[in-house]
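Let me begin by presenting the structure, written as structure tokens, before commenting on it.
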Amino acid sequence: MRRAFGSFITGVTVVTAFDGEGRPRGFTANSFSSVSLRPPLVSVCVANSALGFKAFRAAKSFAVNVLGEEQRELSAKFATRSADKFDGAEWRAEKDGAPLLAGAVAWFDCAAKRGMPCGDHRILIGEVLRFCAGEGAPLGYLRGAYIRPSLERRAAEAAGDARGVVGAIVEREDSVYLCESENGGGLSLPFVSGGAEGVAELRKFLRARGLECGFSFLYSVYAREGGGTVIVYRAHWKSGRAKRGGFYPLAALPSSRIGDAAVRSLLQRFAREHESGDHPLYVGDEIGGEVHSLRIAR
Ligand SMILES: Cc1cc2nc3c(=O)[nH]c(=O)nc-3n(C[C@H](O)[C@H](O)[C@H](O)COP(=O)(O)O)c2cc1C
Numbered sequence: 371m372r373r374a375f376g377s378f379i380t381g382v383t384v385v386t387a388f389d390g391e392g393r394p395r396g397f398t399a400n401s402f403s404s405v406s407l408r409p410p411l412v413s414v415c416v417a418n419s420a421l422g423f424k425a426f427r428a429a430k431s432f433a434v435n436v437l438g439e440e441q442r443e444l445s446a447k448f449a450t451r452s453a454d455k456f457d458g459a460e461w462r463a464e465k466d467g468a469p470l471l472a473g474a475v476a477w478f479d480c481a482a483k484r485g486m487p488c489g490d491h492r493i494l495i496g497e498v499l500r501f502c503a504g505e506g507a508p509l510g511y512l513r514g515a516y517i518r519p520s521l522e523r524r525a526a527e528a529a530g531d532a533r534g535v536v537g538a539i540v541e542r543e544d545s546v547y548l549c550e551s552e553n554g555g556g557l558s559l560p561f562v563s564g565g566a567e568g569v570a571e572l573r574k575f576l577r578a579r580g581l582e583c584g585f586s587f588l589y590s591v592y593a594r595e596g597g598g599t600v601i602v603y604r605a606h607w608k609s610g611r612a613k614r615g616g617f618y619p620l621a622a623l624p625s626s627r628i629g630d631a632a633v634r635s636l637l638q639r640f641a642r643e644h645e646s647g648d649h650p651l652y653v654g655d656e657i658g659g660e661v662h663s664l665r666i667a668r
């Protein structure tokens with residue numbers, strides 16, 4: 371059921387309020403939803419087990435900050451269980467409003483209208499008093515991982531780039547596939563020449579190395595030194611034994627053997643996200659025990 375819930379693509383928000391002592395509190399939430407235009411209402415669900423639960427149950431106002439593509443680290447920070455996540459975060463508040471985070475692509479400052487206990491969460495309904503709609507690209511969340519929709523557009527633009535390359539981070543549990551790079555630069559991700567058939571070529575390349583893989587979404591698109599665009603997808607190992615390369619644990623990447631500095635830093639970032647931000651799919655933290663008693667439709 372977690373996987374099924376997680377197939378629904380959402381944005382990522384940080385919901386904020388002041389607690390009884392006037393301290394700013396917040397948590398990452400993707401359960402945000404717009405509810406009504408007249409009157410303007412929104413909803414969000416807070417877990418009964420959240421450290422900030424009492425503060426959010428009592429708050430007269432709360433704000434929903436919609437995060438931008440570059441705010442993954444902020445999302446990860448506000449998804450930790452702690453009372454002082456605002457240290458180092460830039461924020462302000464309107465009179466009688468809730469904390470508004472700098473850099474959010476949109477925000478809704480709300481008066482708390484209703485709260486309803488519902489299973490292991492509480493549904494908060496807010497009436498929008500003020501809002502801001504910015505221009506930036508919003509961050510997305512799908513199947514337990516962050517996605518950046520604007521990458522799709524940049525990748526589509528780069529698809530005809532003959533000087534470009536297409537690569538993949540192939541995951542198997544907590545490890546990634548690395549192979550000897552063509553130009554003798556040590557280990558690298560699997561890459562093939564770009565162009566419209568890039569992904570099909572990459573699939574063939576991996577098959578020749580014994581790996582059957584499923585491709586999911588884009589992870590990175592960047593300009594290569596010397597020209598051309600590098601497009602990197604996320605992929606997962608399905609079957610097969612790796613030839614001419616192998617799987618390396620993300621927690622102990624052989625960084626000194628990865629010759630290409632851009633690939634090295636991309637993998638280091640991926641490993642960091644895997645450790646901190648790549649939460650197991652979020653559908654509420656206490657649901658695990660109940661799933662066993664459900665009949666799963668086949
Ligand atoms: C992408 C994402 C979405 C989340 N959505 C929610 C949510 O809608 N409601 C919720 O209560 N927790 C959600 N969480 C988990 C909370 O952010 C997390 O439990 C946090 O520790 C709560 O903060 P607190 O315990 O300090 O109050 C989400 C986490 C992530 C990474």
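At the far end of the sequence shown sits residue 668, using the numbering used here, and the numbering has no gaps.
Cβ coordinates follow ideal geometry from the N, Cα and C atoms, glycine included.
Mapping DSSP to helix, strand and coil, what is Lys-483?
Counting from 1 along the sequence shown, the entry for residue 483 is found at position 113. Strand at Lys-483.
Can you tell me whether Phe-587 sits near ligand 1, meaning its C-beta is under 7 Å from at least one heavy atom of the ligand? Start at 1 with the first residue of the sequence shown, and residue 587 comes out as number 217. No, the beta carbon of Phe-587 sits no closer than 7 Å to any heavy atom of ligand 1.
Extent of the continuous alpha helix (DSSP H) to which Val-569 belongs: If you number the sequence shown from 1, residue 569 lands on position 199. 568 to 578 is the extent of the alpha helix (DSSP H) around Val-569.
- [ ] For Phe-397, verify whether its CB is less than 7 Å away from any heavy atom of ligand 1.
- [x] The residue given as residue 397 occupies position 27 in the sequence shown. At least one heavy atom of ligand 1 is nearer than 7 Å to the Cβ of Phe-397, so yes.
Margin query: Restricting to runs no shorter than 3 residues, where is the beta strand (DSSP E) found entirely within the stretch 437 to 515?
Written below: 476 to 488, 491 to 503 and 510 to 512
Kindly list the residues whose CB is nearer than 8 Å to the CB of Asp-544, restricted to its own chain and excluding five residues on each side of it in sequence; keep chain order. Taking the sequence shown and counting its residues from 1, the one referred to as residue 544 is at position 174. Closer than 8 Å at Cβ, skipping near neighbours: Pro-619, Leu-620, Ala-621 and His-644.
Q: Would you decide whether Asp-531 is buried or exposed? Buried here means 16 or more other CB atoms lie within 10 Å of its CB.
A: If you number the sequence shown from 1, residue 531 lands on position 161. Buried is the call here.
Meets three-Cβ-pair contact criterion under 8 Å: the stretch 461 to 470 and the stretch 429 to 449:
yes
Checklist line | Cβ neighbours of Ala-387 in the same chain (closer than 7 Å, five flanking residues each side left out) | finding: Position 17 of the sequence shown, counted from the first residue, corresponds to residue 387. Once the five neighbours on either side are set aside, the close Cβ partners of Ala-387 are Arg-395, Ala-425, Phe-426, Ala-429, Ser-431, Phe-432 and Ala-468.
Item checked: C-alpha distance - Ala-529 paired with Glu-571, whole-angstrom precision -> The sequence position of residue 529 within the sequence shown is 159, counting from 1. The sequence position of residue 571 within the sequence shown is 201, counting from 1. Each residue's Cα considered, the two are about 13 Å apart.
Legend entry - Ser-563 versus Glu-552 - alpha carbon distance: Against the sequence shown, residue 563 aligns to sequence position 193. Against the sequence shown, residue 552 aligns to sequence position 182. About 12 Å.
Which of helix, strand or coil does DSSP assign to Pro-560?
-> One-based indexing of the sequence shown puts residue 560 at position 190. Coil at Pro-560, not helix or strand.
Q) With Pro-508 and Val-475 assumed to form a contact (beta carbons below 8 Å), what rounded beta-carbon distance in angstroms separates them? A) As a working mapping, residue 508 is identified with position 138 in the sequence shown. As a working mapping, residue 475 is identified with position 105 in the sequence shown. Going by Cβ atoms, the distance from Pro-508 to Val-475 rounds to 5 Å, so yes, they are a contact pair.
- Message: Which residue wins for smallest C-alpha separation from Cys-549, given the options Val-633, Ala-482, Thr-450 and Leu-512?
- Response: The residue you call residue 549 lines up with position 179 of the sequence shown. If we check each option's Cα against that of Cys-549, Val-633 comes out closest.
Is Leu-421 a contact residue of ligand 1, with contact defined as CB to any heavy atom under 7 Å? Residue mapping note: residue 421 aligns to position 51 of the sequence shown, counting from 1. True, at least one ligand heavy atom lies under 7 Å from that Cβ.
- Item | Cut-off 8 Å between Cβ atoms - residues of its own chain near Val-569, not counting five sequence neighbours on either side | Counting from one through the sequence shown, the residue named residue 569 turns up at place 199. Taken in chain order, the residues that qualify are Val-536, Phe-585 and Tyr-603.
Review point. From Val-382 to Tyr-511, what does the alpha carbon distance come to, in whole angstroms?
Key: As a position in the sequence shown, residue 382 is number 12, starting the count at 1. As a position in the sequence shown, residue 511 is number 141, starting the count at 1. Val-382 and Tyr-511: Cα-Cα distance of roughly 7 Å.
Confirm, please, whether the CB-CB distance from Gly-554 to Asp-630 is below 8 Å.
-> In the sequence shown, residue 630 corresponds to position 260, counting from 1. In the sequence shown, residue 554 corresponds to position 184, counting from 1. Result no, Cβ atoms of Asp-630 and Gly-554 do not sit closer than 8 Å.
request  = Report yes or no: do the stretch 494 to 509 and the stretch 438 to 454 share at least 3 C-beta pairs separated by less than 8 Å?
outcome  = yes
What residues in its chain sit with their C-beta under 6 Å from that of Ser-401, if we drop five residues either side in the sequence? Locating residue 401 in the sequence shown gives position 31, where the first residue counts as 1. Within the same chain, Ser-401 has close Cβ partners Val-414 and Cys-415.
Own chain partners of Thr-398 with C-beta closer than 6 Å, once the 5 adjacent residues on each side are dropped
Residue mapping note: residue 398 aligns to position 28 of the sequence shown, counting from 1. Contacts found: Val-384, Ser-445, Phe-448 and Ala-449.
* Using the rule of at least 16 other Cβ atoms within 10 Å of the residue's Cβ for burial, across every protein chain shown, is Glu-464 buried or exposed? -> Taking the first residue of the sequence shown as position 1, residue 464 is located at position 94. Flag for Glu-464 reads exposed.
**OP:** Can you say whether Arg-611 is buried or exposed, counting buried as having 16 or more other CB atoms within 10 angstroms of its CB?
**Re:** On the sequence shown, residue 611 is found 241 positions in, with the first residue counted as 1. With fewer than 16 Cβ atoms within 10 Å of its Cβ, Arg-611 is classed as exposed.
Notebook entry, point to check: Between the C-alpha atoms of Gly-565 and Val-546, what's the straight-line distance to the nearest angstrom?
Noted result: Taking the first residue of the sequence shown as 1, we reach residue 565 at position 195. Taking the first residue of the sequence shown as 1, we reach residue 546 at position 176. The alpha-carbon atoms of Gly-565 and Val-546 are separated by roughly 24 Å.
Exercise. Which residues in the same chain have their Cβ closer than 6 Å to the Cβ of Gly-534, if we skip the five residues on either side of it in sequence?
Worked result: Along the sequence shown, one-based indexing puts residue 534 at 164. Taken in chain order, the residues that qualify are Ala-528, Gly-564, Gly-598 and Thr-599.
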